Structure formats: C-alpha cells, structure tokens
Amino acid sequence: MNNEEAARARVVSTADRLFYAQGVQAVGMDAVRSASGVSLKRIYALYPSKDDLVLAVLRHRTEQWNTGLAKAVAAAGTPRDKMLAVFDFLAEWFREDDFRGCAFINFFGELGGGNSKVAAAVREQKTSFQRHVAGLVRDAGGPGHLAPQLALLAEGAQTTAAITRDPGTAAQARAAAETLIRCAFE
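Just so we're aligned, residue 1 is where the sequence shown starts under full-length UniProt numbering, counting upward by one.
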C-alpha cells in the first residue's frame with residue numbers, strides 16, 4: 001500500500017467510525033483530521049468535499065457488508081442454511097459493542113432527502129442486498145416471492161435491534177425466516 005492508499009484508508013476508516021457513532025452532520029472535517037492524523041489539506045486533496053468522503057465511507061461499508069455476508073453464507077452447509085446465514089451474520093453484528101444499526105439507513109435518514117448521491121449509494125446497496133438474497137433463494141429452489149420477504153425481515157431486524165439495543169432481535173428474525181422458508185417450500 002502506497003502513502004496515498006494508506007492515507008485514504010486511514011481517513012475513510014476514521015470518518016466511518018466517527019460518522020457511525022455521532023452522525024455525519026455532527027462530525028466536521030477538523031474532527032476527521034484530528035482523529036486520523038492526516039492534515040486537512042491532504043484530506044481535501046483526497047476527498048474534495050465532505051460529500052466525497054461520505055460516499056467513500058459508504059463504499060467502504062458496502063465492502064465490509066459484502067465480505068461479512070459472503071463469509072457467513074459460505075460457511076453454511078445447505079442452500080436453506082445459506083438463506084438463514086444472513087440472520088446469523090446479523091446476530092454477530094448486533095452483539096458488537098459499537099452497533100448502532102445500519103449505517104446506510106442512518107446516513108439515508110440523516111442526508112438522503114437532501115443529497116441525491118448519498119440516496120443513490122444507499123439504494124444501490126439495498127438493491128444489491130436484495131439481489132444477493134434472491135440468488136440464495138433461487139439456489140435453494142425457492143419461489144421468487146420469498147426473497148423480498150427475507151430481505152425485508154433482515155432490514156427490519158437491523159432497525160429494530162438498533163432502536164431496542166436487543167441483539168436477540170436477530171434470533172427472532174431468524175425464527176421468522178425459518179417459518180417463511182418452511183411455508184414457501186410446502
């Protein structure tokens with residue numbers, strides 16, 4: 001990793017942590033500078049605007065989500081287990097000390113109405129997740145209507161767990177997913 005890549009990675013990971021914990025609008029670029037140790041001039045050379053940095057954070061979050069989800073699904077045995085692995089992935093995430101819900105939903109709620117680029121990035125991530133779940137359902141031989149139901153259940157679990165601070169929400173969502181899957185295959 002060269003110096004520019006290292007600086008980008010440090011700025012994005014720092015901004016990610018700060019934005020996720022405090023909200024995008026509450027965190028100024030000076031706070032990112034202080035916490036990352038990268039000069040403000042360098043940050044603006046890498047990310048000409050705060051919006052550019054927000055979009056980089058969302059790309060980073062997408063990579064983290066996709067990697068974590070793929071790992072959980074790959075560890076599952078049967079096609080049905082792979083569908084349920086989505087909820088096992090959520091269960092691990094909900095138990096993290098810094099869990100504050102879905103960053104995409106949080107960013108959309110905070111900025112999406114006034115920032116079309118953020119709204120588009122969030123929509124793309126959510127659409128990508130829906131396509132992923134649809135692929136899992138297809139691989140299991142399930143009906144098409146099951147995929148959006150499972151995706152909606154996963155999205156709702158994220159929001160509910162963030163609000164209630166109850167990691168057990170993932171187990172409840174998994175149990176509901178098991179019921180949906182069983183009924184879809186009858």
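For glycine and all other residues, C-beta sits at the position ideal for the given N, C-alpha and C. Just so we're clear, the structure is a prediction, and the values are computed from it rather than from any experiment.
- Rounded to the nearest angstrom, the gap between the Cα atoms of Lys82 and Thr62 is 20 Å.
- Glu186: not part of any alpha helix (DSSP H); DSSP gives it neither H nor E.
- Membership of Asp51 in the alpha helix (DSSP H) is indicated by the continuous run Lys50 to Ala75.
- Contact between the segment 77-92 and the segment 155-172 is present: 3 or more CB-CB pairs across the two stretches fall below 8 Å.
- Val32 sits close to Thr14, with the two beta carbons spaced by under 7 Å.
- If one requires a minimum length of 4 residues, the alpha helix (DSSP H) runs lying completely within the segment 99-183 are 103-107, 116-139 and 146-164, in chain order.
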